[in-house]
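Just below is one structure, and these are the notes that go with it.
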Amino acid sequence: MKTIKEINEKIKKGEAVVLTADEIVELKKTSNTKKLAEEIDVVTTGTFGPMCSSGVFLNFGHSKQKIKIGGGKVYLNGVVAYSGLAAVDVYFGATSLPENDPRNTEYPGEFKYGGGHVIEELVSGKEIELEIFAYGTDCYPKKYLKTKITINDINEAILFNPRNCYQNYNVAVNLSDKTIYTYMGILKPRLGNANYCSAGQLSPLLKDPYLKTIGFGTKIFLAGGIGYVGWWGTQYNPGVKRRENGVPMTPGATLALIGDLKQMKSEFLKGASLTGYGTSLIVGVGIPIPILDEKILEWVSIPDEEIFAPIVDYSYDYPNSTGKVIDFVNYKQLKSGKIKIMGKDVPTGSLSSYKKAKEIAEILKNWLKSGEFLLTEPVFYFPGPESGYKFKPMKEV
Amino acid sequence: MEKKFVMHFPPVLVDKPIISTIVRKYDLEFNILKAFVSPEEEGTLVIELKGEEENLNKAIEEVKNKGVSIQPIESDIKMVKERCTDCSVCIGLCPTGALYMSENYEVKFEPEKCIACGLCIKGCPTKAMVTTI
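The listed protein sequences correspond, in order, to chains V and B. Using my numbering, you'd call the opening residue of the first sequence number 1 and step up by one each time. Using my numbering, you'd call the opening residue of the second sequence number 1001 and step up by one each time.
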C-alpha cells in the first residue's frame, strides 16, 4: 500500500502523519483500520529498562611511548574492561565490576558501582581514570599507564549491545518462604510482589511481532542519539508460541543495537545496581514502525489488554529451567498495580519505566515530524517463525 | 505531638484491646499504617499516634508495661527525584503504599505513610531512595 520511500518523501516535506503507539491504540478503538492505514505513515515505540547485555567499544588512541592493552589488564574507574582486542581498543560491558567488589560474599551484595555506572559517567562527560597493565613488546614497550580521559578525548566510542529490546518478558514472583534477590529485582516471599519489565503496548517488538519492518540497518532512537539495528539479538527465539494476534506468549525476538556513544545522553543511559544480582545499564530505545499496510496497522494497535506475559517463579522454576509458567497476565492488569495469582492479590512493580518509554516515543515522533529523521529500509530481514531458528540451552557434558 | 511507632504484641496480648484503651484514656488520635499477625500469632502494628506530649508519653509507658515492645520510627527516608527513572519497582516492595504511581506514570513518595522499612533503598536500581540517618 505504501513504501518506505514514499513515507520518506512525506517526512522530508514535513507532511508525514506520525503517532506514538499509545496514541494509535486509543485511535484504533473508534476508527476504521483501512482508513487509519491510509492516513498514518509512522508509529513510534519506546522502551527504557535495564539491559545487561549492553556495552561499549572504545579506542583511546596511542600514548607517546606505545602500550598494548591486548593480553594485559585494563580498568576504567577501577572497573574491569575486556582487553582481548588490539593495542588500544577495549570492550566494556554493563555488568563488569571492580576486582575488589565483595559481590555476594556479603549477601545480598550491593553492587554499588560497575560498568553501567562508568558508561553513564562517560556519556555525561565526566572524567574517567584509565589504568593499563601491559607485558611490553618491542613495538609497544610501555608496561604501565594511568591517565584520565573524557569521552571527548578518545577516538571511537561505540555503544554495541548484543541483546536489547526483548519482545515480551517474564513476570517474576517468589513462591518460597524467603526473600530472593534477582535481576528482576527484590522478590518478597510467598507471592509478596510481582515484577515485570516491558513497556507493553509501547514496546518496539510487541508492535511488530513478526519483525516485518525491523531488520538489519533499521535506524532507531538509541539513548538520545541515532542508532541502528546491527543484527538480531542474542537468544533470539522467533519460534515461541504466539497468541492469535501474533504476539509471543513468552520472551521471543531480541535485537542487537549499535550507535555512536558521543551522540547519546546520560538521561537515556543509566547505570543500575540490582541488589544481590549485579550492575546493569538502563537503555532508552525507540523504533519507528512504518505503516506499510493494514496488517501492520493492526499490529501496532494491539492494546495492553491483548498482550500477555508469563508469570514465573524465580525461587525454583527459573533457576532450574523447569519451563513452568504459573499463569499468564496482561499488561493492562500489570500496569494497574495489582494482579491476582493463585487466588492472592499481588502488588506489581516494573523495572522498565513507562514514563520514560512514552517520552522516547514522543521525541522520536517529533524527529520524524520535523523531517530530521528519515526511515531506512532493512538491508535484510531476520529469521521468522518458519525458519526453525531457536534459542538452545547450553550443552553440558 | 505526632509520632510513628512499631509495636510487637506477644501471642498472649494479641486479642487484648490495648490500643483502644490508651486512645480513650489519653485522648489520642491514631492511624494504623500496617497490621498483621504472624503464623506464630505474634502481632505487629505500625501506628501513628497524635496527642498532648505528656499524654502520649504516658500512653507509651502503659503499653510497655503491658508487655508490648515498642519502637519509635526515627529514620527518615527520602526520594532523590533526579535519580528516579519512574520505573515503579519500589512500589511493589513498599508495604504501606507510601510509594505509588501517579496518573501520569510518575513515581511519588508520601513520607507520612513511610515506616522506614528500607526495602525501597535496597530495591531501587538507580539509588533514588536514601536514608538520612
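For each residue, glycine too, the CB sits at the ideal point set by N, CA and C. Treat the numbers as computed from the prediction; the structure is a model and nothing was measured.
Worksheet item: Along the chain, where does the alpha helix (DSSP H) that runs through TYR331 of chain V open and close?
Response: Start at 1 with the first residue of the first sequence, and residue 331 of chain V comes out as number 331. Taken as a continuous stretch (DSSP letters only), the alpha helix (DSSP H) holding TYR331 of chain V covers 331-335.
Worksheet item: Within the 9 Å Cβ cut-off, does SER1038 of chain B reach chain V?
Response: Taking the second sequence and counting its residues from 1, the one referred to as residue 1038 of chain B is at position 38. Chain V contact via Cβ: absent.
Discussion item. Checking the sheet assignment: what are the DSSP bridge partners for PHE255 of chain V?
Written reply: Start at 1 with the first residue of the first sequence, and residue 255 of chain V comes out as number 255. According to the sequence shown, residue 255 of chain V is Leu rather than Phe. Answer by DSSP bridge pairing, in chain order: V:ASN164 and V:TRP232.
Discussion item. Classify GLU121 of chain V: buried if its beta carbon has 16 or more other beta carbons within 10 angstroms, exposed otherwise.
Written reply: As a working note, residue 121 of chain V is residue 121 in the first sequence. Buried, because 16 or more other Cβ atoms sit within 10 Å of the Cβ of GLU121 of chain V.
Item to complete: Ignoring anything shorter than 4 residues or poking outside the stretch 8-93 of chain V, list the alpha helix (DSSP H) runs there in chain order.
Response: 21-28 and 33-39
Discussion item. Please tell me whether ILE1091 of chain B has its Cβ less than 9 Å away from any Cβ of chain V.
Written reply: By 1-based counting over the second sequence, the position of residue 1091 of chain B is 91. At least one chain V Cβ lies under 9 Å of ILE1091 of chain B.
Item to complete: Answer yes if the stretch 134-149 of chain V comes into contact with the stretch 249-262 of chain V, meaning at least three C-beta pairs across the two stretches below 8 Å, and no otherwise.
Response: no
Worksheet item: If contact means a Cβ-Cβ distance below 8 Å, which residues of the stretch 115-148 of chain V contact chain B?
Response: none
Discussion item. With three or more C-beta pairs closer than 8 Å as the rule, is the stretch 61-80 of chain V touching the stretch 220-238 of chain V?
Written reply: no
Item to complete: Within its chain, find whatever has a CB closer than 8 Å to the CB of GLN201 of chain V; leave out the 5 residues flanking it on each side and keep chain order.
Response: Reading the first sequence from its first residue, position 201 is the one you call residue 201 of chain V. Result list for GLN201 of chain V: ALA21, ASP22, VAL25, LYS207, ILE302, PRO303, ASP304, ILE307 and TYR331, in chain order.
Practice prompt. Grab me the residues of PRO162 of chain V's own chain with a C-beta within less than 7 Å of its C-beta, minus the 5 sequence neighbours each way, in chain order.
Written response: Locating residue 162 of chain V in the first sequence gives position 162, where the first residue counts as 1. Cβ neighbours of PRO162 of chain V beyond the five flanking positions: SER53, GLY233, THR234 and ALA256.
Worksheet item: Does any C-beta atom of chain V lie closer than 9 Å to the C-beta of ALA1101 of chain B?
Response: Translated into positions along the second sequence, residue 1101 of chain B becomes position 101. Per the sequence shown, the amino acid found at residue 1101 of chain B is Met instead of Ala. MET1101 of chain B counts as touching chain V.
Worksheet item: Relative to the alpha-carbon of ARG243 of chain V, which residue among V:LYS34, V:ALA309, V:THR275 and V:ILE282 has its alpha-carbon at the smallest distance?
Response: Here residue 243 of chain V refers to the residue found at position 243 of the first sequence. Cα-wise, what sits closest to ARG243 of chain V is V:ALA309.
Worksheet item: When DSSP labels each residue in this structure, what does ASP327 of chain V get in the three-state scheme?
Response: Position 327 of the first sequence, counted from the start, is the residue given in the question as residue 327 of chain V. ASP327 of chain V: strand per DSSP, three-state reduction.
Worksheet item: Are the C-beta atoms of TYR1105 of chain B and some chain V residue less than 9 Å apart?
Response: Position 105 of the second sequence, counted from the first residue, corresponds to residue 1105 of chain B. With 9 Å as the cut-off, TYR1105 of chain B counts as an interface residue toward chain V.
Worksheet entry | Contacting positions in the stretch 100-111 of chain V - beta carbon closer than 8 Å to chain B | PRO108
Discussion item. Within 9 Å of any Cβ in chain B, is that where the Cβ of PHE48 of chain V sits?
Written reply: In the first sequence, the residue the question calls residue 48 of chain V occupies position 48. Yes, contact with chain B.
Discussion item. I want to know whether the stretch 1080-1092 of chain B touches the stretch 346-359 of chain V - three or more CB-CB distances under 8 Å.
Written reply: yes
Worksheet item: Got a sec: is the Cβ-Cβ distance from PRO347 of chain V to anything in chain B below 9 Å?
Response: Along the first sequence, read from residue 1 onward, the residue named residue 347 of chain V stands at position 347. PRO347 of chain V counts as touching chain B.
Worksheet item: DSSP state of TYR140 of chain V, grouped into three classes?
Response: Numbered from 1 along the first sequence, position 140 holds the residue referred to as residue 140 of chain V. TYR140 of chain V falls in the coil class under three-state DSSP.
Discussion item. Tell me the rounded alpha-carbon separation between PHE373 of chain V and ILE291 of chain V.
Written reply: Here residue 373 of chain V corresponds to residue number 373 of the first sequence, with the count starting at 1. Here residue 291 of chain V corresponds to residue number 291 of the first sequence, with the count starting at 1. Between PHE373 of chain V and ILE291 of chain V, the C-alpha separation is close to 16 Å.
Worksheet item: Would you say LEU1045 of chain B faces chain V, with C-beta separation under 9 Å as the test?
Response: Counted from its first residue, the second sequence places residue 1045 of chain B at position 45. False, the Cβ-Cβ gap to chain V never drops below 9 Å.
Practice prompt. Specify whether the stretch 1050-1060 of chain B and the stretch 1014-1027 of chain B touch according to this definition: at least 3 beta carbon pairs, one from each stretch, less than 8 Å apart.
Written response: yes
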